[in-house]
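Q: Before I ask anything, let me first share the structure, which is written out below as C-alpha cells.
Residue numbers (this note's numbering): 1 to 157.
And the structure:
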C-alpha cells in the first residue's frame, strides 16, 4: 500500500512539519519544513493563514495520514498560541481528505512506534545518529525530530 503521512509540531511562532511517503513498504522522507506565523496579522487572520497553508500542503503532497504532536497535559507552561494553532490544524485535518489521523502526545506516539515512553525525550534530544528509524538523526533539531516521529507513527494507525 502506498501512503503519505504528515507529522506536525507546533511552536508559538512557527509550525514544523515532515512528510513521509511509503512505496511498497519503503518509507522515504519527502520534506521537512516549517511555516512561519505572520506576526503582522491579527490572531484570527494568523489562524486562517495556517489553515489555508496546511490545506495546500496536504493537497499538494497527497497526504492521507497525519499525526499532530500536541502539548502535554502536564506541561508546566502552556502556550495559548500553540494550543490555538493545534486546534485549527486538528479541525483542518478532520475536515480534509486525510483518511486516518491522530492527536499525539509523547505516550501515544511512542506506543505507535513501539518504543518506551521514557525513550522518547532522550531520542529527540540525542545529538548522536543512533535513531533506528532515520539516518542522519543528528542533523535535525528537536522539533523536526518530533515531527518526523509523529509522521512515522501515523503509518501505524
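Ideal Cβ placement from N, Cα and C applies to all residues, glycine included.
Identify, in the order they occur along the chain, each residue of the same chain with its Cβ nearer than 8 Å to the Cβ of residue 150, setting aside the five sequence neighbours on each side.
A: Around residue 150, the same chain offers 7, 8, 9, 18, 67, 68, 69, 104, 109 as residues with beta carbons nearer than 8 Å, after the five sequence neighbours per side are excluded.
Q: Any idea what DSSP makes of residue 105, helix, strand or coil?
A: coil
Q: Terminal residues of the continuous alpha helix (DSSP H) containing residue 88?
A: 80-94
Q: Could you tell me which residues DSSP puts in a beta bridge with residue 10?
A: 15
Q: Could you spell out where the alpha helix (DSSP H) holding residue 57 opens and where it closes?
A: 43-60
Q: Assuming the contact rule is C-beta atoms closer than 8 Å, residue 63 and residue 5 should be a hit. Round their C-beta distance to whole Å, please.
A: 7 Å
Q: Helix, strand or coil for residue 154? Go by DSSP, reduced to three states.
A: helix
Q: Comparing alpha-carbon positions, which option in 32, 48, 33, 31 lies nearest residue 39?
A: If you compare the alpha carbons of 32, 48, 33, 31 with that of residue 39, the shortest gap goes to 48.
Q: Hey, quick one: how far does the beta strand (DSSP E) through residue 35 stretch, first residue to last?
A: 26-36
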